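Colleague: Please read through the structure below; I'll follow up with questions.
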Ligand code: HEC
Ligand code: HEC
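So this is what it looks like as structure tokens:
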């Protein structure tokens, strides 16, 4: 509970200090503005100009699959993603964008080079094993089967390599314990993963380049 409170407070604080975002966000309803400009002037304030956000609250978008980014913008806009931050922040960010702008924004971030900012230097062998092979006796599918051997993602399967560990873990909890991201295989995938296993796989992914 505490963790969410902290996130909520820091979001509120960043909303206050982000008058610039509010000013420019009028651009979010203007079909004449290029996606790239929106990405650089609006999305960048949280996700980083090159898509490598500094705070783990905001997922990195650099190198993220275009089809995945477009699908998530649609999910935020339609309120299919019902996590509090999704509704309070991303629903508004995505609802005024047209199809062309969403595609251009996604392409802009896909073209940015993902940075690796993980400070984790511990053992990643178990996380790597789960990622590549799953856990057969508990019917946990291999993550690599959908997210790719290098965790680079494909189409609607997101890139996971180099993502903030805390963001990965948060989403694994969302899939496992809530209905805030419905209709994906991830509910089934996370069902039999323990807390420790999720942590190990998130550590491994955060260190991938
Ligand atoms: C005020 C901060 C803020 C701004 C500005 C912002 N975002 Fe986000 N974005 C977030 C947060 C917070 C999340 C994580 C939501 C969650 O945890 O469910 C997110 C999540 C996302 C995701 C999901 C990524 C994933 O890996 O699942 C995409 C895609 C995204 N944002 C795109 C955009 C685009 C495109 C823009 C500009 C039109 C934008 N965001 C502007 C805060 C922001
Ligand atoms: C059957 C295919 C499939 C398998 C296997 C799979 N995933 Fe996924 N994963 C998906 C899809 C599809 C999404 C996007 C969900 C959405 O659209 O909301 C996703 C999303 C995610 C996300 C959210 C990423 C983000 O940026 O928000 C994480 C984290 C994740 N998967 C981790 C894993 C891990 C760890 C494993 C292995 C234990 C795994 N996945 C196995 C299909 C799969």
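In my numbering, the protein residues as written are 155 to 363. Cβ atoms here follow ideal geometry from the backbone N, Cα and C, with glycine treated the same way. None of the values given here were measured: they were computed from a predicted structure.
For residue 201, report the span of its alpha helix (DSSP H) as first-last.
Modeller: 198 to 201
Colleague: Let me make sure I understand the geometry here. Which of 300, 315, 316 has the alpha-carbon closest to that of residue 309?
Modeller: Considering only alpha carbons, the answer is 300.
Colleague: Just to check, is the beta-carbon of residue 324 closer than 7 Å to a non-hydrogen atom of ligand 1?
Modeller: yes
Colleague: Whose C-alpha, out of 350, 356, 297, 357, is nearest the C-alpha of residue 339?
Modeller: 297
Colleague: So what does residue 223 bridge to, in DSSP terms?
Modeller: None, per the DSSP bridge assignment.
Colleague: Between which two residues does the alpha helix (DSSP H) carrying residue 284 extend?
Modeller: 279 to 287
Colleague: Nearest by alpha-carbon distance to residue 225: which of 353, 249, 292, 359 is it?
Modeller: Nearest C-alpha to residue 225: 249.
Colleague: Can residue 202 and residue 208 be called in contact, C-beta distance under 8 Å?
Modeller: yes
Colleague: Assign residue 316 to buried or exposed, taking buried as 16 or more other Cβ atoms, counted over all protein chains shown, within 10 Å of its Cβ.
Modeller: buried
Colleague: Using DSSP with H/G/I as helix, E/B as strand and the rest coil, what is residue 176?
Modeller: Low local confidence applies: a pLDDT of 43 at residue 176 is under 50, so the model's placement there is unreliable, with the coordinate-based value given in what follows. In the structure shown, residue 176 sits in a helix (DSSP, three-state: H, G or I).
Colleague: Say the cut is 7 Å; is the CB of residue 259 nearer than that to a heavy atom of ligand 1?
Modeller: Residue 259 Cβ: within cutoff of ligand 1.
Colleague: By the 10 Å Cβ neighbour count, where 16 or more other Cβ atoms means buried, how is residue 235 classified, buried or exposed?
Modeller: Residue 235 comes out buried.
Colleague: Do the CB positions of residue 351 and residue 284 come within less than 8 Å of each other?
Modeller: Yes, Cβ-Cβ distance for residue 351 and residue 284 is below 8 Å.
Colleague: Any chance the CB of residue 243 is under 7 Å from a heavy atom of ligand 1?
Modeller: Residue 243 Cβ: within cutoff of ligand 1.
Colleague: Mind checking whether residue 197 and residue 259 have CB atoms under 8 Å apart?
Modeller: Note that the C-beta distance between residue 197 and residue 259 is below 8 Å.
Colleague: Confirm, please, whether the CB-CB distance from residue 230 to residue 244 is below 8 Å.
Modeller: Yes, Cβ-Cβ distance for residue 244 and residue 230 is below 8 Å.
Colleague: Have a look at residue 268 and residue 242 and give me their C-alpha separation to the nearest angstrom.
Modeller: 26 Å
Colleague: Using DSSP with H/G/I as helix, E/B as strand and the rest coil, what is residue 345?
Modeller: helix
Colleague: Pick out whichever of 287, 330, 336, 273 has its Cα sitting closest to the Cα of residue 318.
Modeller: 273
Colleague: At a threshold of 7 Å, does residue 356 count as lining ligand 1 (C-beta to nearest heavy atom)?
Modeller: no
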